[in-house]
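S.K.: Protein chains in written order, with my numbering: chain A, 1 to 349; chain D, 350 to 698; chain S, 699 to 1047. The beta carbon of each residue, even a glycine, is placed where N, CA and C say it ideally should be.
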Amino acid sequence: MKLSELAERLGCRLDGDGSLDIVRVAGVDTAGAGDITFLANPKYASSVQHTKASAIILAEDAEAAPCAMLRSPHPYRSFADVLVLFARDERPAPGVHPSCVIAPDAVLGKDVAIGPLVVIEPGARIGDRVAIHPHTVVGAGAVVGDDCVLHARVSVRGGSRLGARVIVQDGAVIGSDGFGFVTDGAGVHYKIPQQSHVVIEDDVEIGANTTIDRPAVGETRIRRGKKIDNLVMIAHGVSVGEHTILAAQVGVAGSSRIGSHVVLAGQVGVAGHIEIGDNARATAQTGIPNDIPAGALVSGYPAIDNREWLKASAVFRKLPKLQRRIAELEKRLAALKTKESTDFTDSTD
Amino acid sequence: MKLSELAERLGCRLDGDGSLDIVRVAGVDTAGAGDITFLANPKYASSVQHTKASAIILAEDAEAAPCAMLRSPHPYRSFADVLVLFARDERPAPGVHPSCVIAPDAVLGKDVAIGPLVVIEPGARIGDRVAIHPHTVVGAGAVVGDDCVLHARVSVRGGSRLGARVIVQDGAVIGSDGFGFVTDGAGVHYKIPQQSHVVIEDDVEIGANTTIDRPAVGETRIRRGKKIDNLVMIAHGVSVGEHTILAAQVGVAGSSRIGSHVVLAGQVGVAGHIEIGDNARATAQTGIPNDIPAGALVSGYPAIDNREWLKASAVFRKLPKLQRRIAELEKRLAALKTKESTDFTDSTD
Amino acid sequence: MKLSELAERLGCRLDGDGSLDIVRVAGVDTAGAGDITFLANPKYASSVQHTKASAIILAEDAEAAPCAMLRSPHPYRSFADVLVLFARDERPAPGVHPSCVIAPDAVLGKDVAIGPLVVIEPGARIGDRVAIHPHTVVGAGAVVGDDCVLHARVSVRGGSRLGARVIVQDGAVIGSDGFGFVTDGAGVHYKIPQQSHVVIEDDVEIGANTTIDRPAVGETRIRRGKKIDNLVMIAHGVSVGEHTILAAQVGVAGSSRIGSHVVLAGQVGVAGHIEIGDNARATAQTGIPNDIPAGALVSGYPAIDNREWLKASAVFRKLPKLQRRIAELEKRLAALKTKESTDFTDSTD
């Protein structure tokens, strides 16, 4: 694509030779002739001076680069846009691969692309333009909305409902049985059937090997626009708000309610039956045993205010020293009191 | 089902119209006409007064509800029982789907229900009434006991032995190679073959995408009645006692021995070659580097007694303040000594 | 195999009857007639005196055992070697199972063993002697080097490149989309396409249900000889050095660079865009938010020097007591000052 056309499609101001042919998007260090690159993180600004790229996307006020420049008000957004323009089509071949096992009463939308060895069980409904990669299973009565992409080896268990444009990475499980048991006096656990359903709203992305359980009654609901990374666990009956981000290996226990625009960083754990308010954030590995108010930024286990946690953590490593200082104070005070009482009985030192 | 019949089958005392037709189990907030709901957690008692359910299961001493009531000595157990009564059959169609690849010498029990594209390798034995969902692989020589349910995309690697009534959720891996290496002087790691086996005893449930490794010699053993949640890691040579509960994302390192009726909450980590006594419990995210005695309740990393941990955690956030108080004490004591020595040389202040 | 032949093949010194027939490798407690066992961990030395094994591998200076002995300069290495000698062949049958779906332009090497229902997409290249177990998917244009073993239900997404002798356990995902989004002013997230690739170098092993993401540009690279356990998450753009070990449930966030011969124990988390130097090690559950120098041993979150952390952790549980000691000091000092000022105004006690 000509750089001038690219500038126009991205809404960027062109500063350089618009007749250049751009064939690929690449990192600033590895880009070469024909590549467009970008600078979004100022941390990498120095690399720009050495780039071999033909063109670069950068902010209006960034230092000039030794190549053609596309000046953008939102360089990271323009980078995403250029990647969309150059993305290759990775959908399976149009139609349904003959090796699939599709229940006779399953309903398939228009222009689907269903790869080899996919299983679609009775009563399932697949929307228009849905792409399903090999070995994925869509369970009985499940609904997959228009324009969804299910990568390889995904389980969409019976009764699950996916909205439009949901993307599910390989190996994720939607609708596995919730972890619910009743325990008798002898400590023996009896399974509570978990046959209610999971609802995934529009524009959600679910990471590889993530698991989302269905509850016994009611629903597990992942609201619109949410992004879930790999190996995340969402237990039965959880509700997650719109545009929330759950990073890799986060775990959310049963029946908890997570607000909108929440960000939980990697390996955060959330206990059951609690509420996390809108726009709350937790740093990596935080353990959340209690409700978190809207807008809070929390860290540690049990989770406390992030600034408080940072300050306390800085003192933590000095604990042995603090302990010694306390012992020293006690010794000096004891000496003082001894001397003082000595002073009272005998004024010589 | 008539409410009177339901009362009888659940062993509950009926208080209300026994002729009501009950068609579904639902949550107290979402239940409507024809639904039965329940109250087990007193936290939700106030919702009961507004329920639209036709009937409710509740304790003998719970406040009356505005609908028919089934009074139960164990309302949570009765709730589980009613869910069993209303559970829909989710087994694959009876028999073996023609798309399966079954080794000629594999042995299948009576009344199995084996869904599409299942692979059963040479010498494997499948018990009576076993249900196997699509894309599951049962490896060479593996044994799957009577009434097991293997959900979709499960790996039962060669040589694994499952008892009766074992339930395995989607994507779980039983019998992957243990993580065993020998490292030479140059820091190069050589794989130690891990071809011994995993034993899963009767009535165990294994969560979605959980992994259980097999060892080089000996066995990994999961004893009777154990419940394992999603994304749990059990390393090679581990032994887990009866009726133990491992919540989501727990990890247990090699050769550790976990007792009976133990409960490890979400994201707990257990180091290798240690012992956890019967009835011990660990709260979420606990790290266990040493043996834990029977009956202990532990928290934190390294794990300590839970009450001790709660108290220490409460002080943790005050560390910056404590540090200031120590500095203040030092200053005051120094001032005192200075003054005091001043006093000795010059008694004026 | 005769014990004398075994001794020769392992390079061990035989002390006992070389004509014994050895048929199996077993643990010291469970070994019987015909078995060879080993002692590598001195912790288990006392068990040796009761072993029923026919032969044992042990160090030159270990106490004699009540059976034939193979004395080894490296008993753990000899144990690994004997397991290799006795390993059974677990590869699928030679050739390509007729149920596979192989793209016409995919290239297969010599002597491959490809089990049932494997999918190989257009343009993929499979090396010589590669073994692929059931339900594994090799994506478009992916390269799998000579002598690789892909266990069941593995995803090798399009464009991934695996070197020689790579082993991938069941359910692992190589090349899932990195977790990259750009967020607009309203907090709505837009996916950044992640279509660049993952490179796995020679002799890497990847655990069950582990996920390795591909980036938008550049590469995610796992260098030669690295061993990755189960349920590990490696984000997009990460680079991991040679012979590094990542234990189970470790998570590494985007663009971080991990050196060679690093060891991260179970459940460790590494933040994005940081560097971990060669030979660094982190104990279990460590959280690493900043760069770690080469050779460091770190613990805790935020990660600090392990010895410092051990000492601080020992004091942590005493925090309530320290708090009381500070309060006591304050009280005593206040009493002292009161008395002192009293002294000044009135010298009676």
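(1) Grab the span of the beta strand (DSSP E) containing residue 231 of chain A for me, first residue to last.
(2) Apart from the five residues just before and just after residue 1002 of chain S, which ones in its own chain have a Cβ nearer than 6 angstroms to its Cβ?
(3) If the cut-off is 8 angstroms on Cβ atoms, which residues from the region 613–625 of chain D count as contacting chain S, listed in chain order?
(4) Just curious, the alpha helix (DSSP H) that residue 190 of chain A is in, first and last residue?
(5) Quick one: Cα of residue 369 of chain D to Cα of residue 402 of chain D, how far?
(6) Per DSSP, which residues does residue 351 of chain D bridge with? Please list them.
(7) Taking only beta-carbon positions, decide if residue 576 of chain D is within less than 8 angstroms of chain A.
(8) Please state whether DSSP places residue 155 of chain A in a helix, a strand or coil.
(9) DSSP state of residue 246 of chain A, grouped into three classes?
(10) For chain D, find out if any of its Cβ atoms is closer than 8 angstroms to the Cβ of residue 907 of chain S; answer yes or no.
(11) I'd like the span of the beta strand (DSSP E) that includes residue 407 of chain D, first residue to last.
(12) What in chain D is Cβ-close to residue 312 of chain A, meaning under 9 angstroms?
(13) Does residue 937 of chain S come out as helix, strand or coil in the three-state DSSP assignment?
(14) How is residue 326 of chain A classed by DSSP in three states: helix, strand or coil?
(15) What number of angstroms, rounded off, separates the C-alpha of residue 632 of chain D from the C-alpha of residue 422 of chain D?
(16) Does any C-beta atom of chain S lie closer than 8 angstroms to the C-beta of residue 84 of chain A?
(17) How about residue 171 of chain A: is its C-beta nearer than 8 angstroms to some C-beta of chain S?
(18) So which residues on chain A does residue 888 of chain S lean against when the C-beta distance must stay under 7 angstroms?
(19) Within this structure, are the beta carbons of residue 621 of chain D and residue 643 of chain D separated by less than 8 angstroms?
(20) Note down the Cα distance separating residue 358 of chain D from residue 419 of chain D, rounded to an integer number of angstroms.
(21) Three or more C-beta pairs closer than 8 angstroms, one from the region 553–571 of chain D and one from the region 495–514 of chain D: is that the case here?
(22) Along the region 473–496 of chain D, what residues have a CB closer than 9 angstroms to any CB found in chain A?
(23) Taking a cut of 7 angstroms between CB atoms, which residues from the region 174–200 of chain A lie near chain D?
(24) Helix, strand or coil: how does DSSP classify residue 439 of chain D here?
(25) Check the Cβ of residue 87 of chain A against every Cβ in chain S and list those closer than 7 angstroms, keeping chain order.
(26) I think residue 815 of chain S touches residue 117 of chain A, with their Cβ atoms under 8 angstroms apart; what is that distance to the nearest whole Å?
(27) Listed from N- to C-terminal order along the chain, which residues in the region 376–387 of chain D have their beta-carbon within a distance smaller than 7 angstroms of any beta-carbon of chain A?
(28) Identify the continuous alpha helix (DSSP H) that holds residue 313 of chain A and give its terminal residues.
(29) Would a check of beta-carbon distances place residue 422 of chain D closer than 8 angstroms to chain A?
(30) As a quick exercise: from A:66, A:30 and A:254, pick the residue whose alpha carbon is nearest that of residue 177 of chain A.
(31) Chain A partners of residue 999 of chain S, CB-CB under 7 angstroms?
(32) If contacts are defined as beta-carbon pairs under 8 angstroms, then residue 601 of chain D and residue 612 of chain D qualify, I think. What distance do you get, rounded to the angstrom?
(33) So, is the C-beta of residue 752 of chain S closer than 8 angstroms to a C-beta in chain D?
(34) At which residues does the alpha helix (DSSP H) containing residue 45 of chain A begin and terminate?
(35) Reducing DSSP to helix, strand and coil, say where residue 624 of chain D ends up.
(36) Any beta carbon of chain A sitting closer than 8 angstroms to that of residue 672 of chain D?
M.R.: Working from what's here:
(1) Here residue 231 of chain A belongs to no beta strand (DSSP E), and DSSP marks it neither H nor E.
(2) none
(3) 616, 618, 620 and 622
(4) Per DSSP, residue 190 of chain A belongs to no alpha helix (DSSP H); it is in the beta strand (DSSP E), 189–191.
(5) 11 angstroms
(6) D:370
(7) yes
(8) strand
(9) strand
(10) yes
(11) 404–408
(12) 665, 666, 667, 668 and 669
(13) strand
(14) helix
(15) 29 angstroms
(16) yes
(17) yes
(18) 80
(19) no
(20) 11 angstroms
(21) yes
(22) 482, 483 and 484
(23) 176, 177, 179, 181, 182, 187, 188, 189, 190, 191, 192, 193 and 195
(24) coil
(25) 891 and 893
(26) 6 angstroms
(27) 376 and 379
(28) 306–316
(29) no
(30) A:254
(31) 285
(32) Residue 601 of chain D to residue 612 of chain D, Cβ: 13 angstroms. No contact.
(33) no
(34) 45–48
(35) strand
(36) yes
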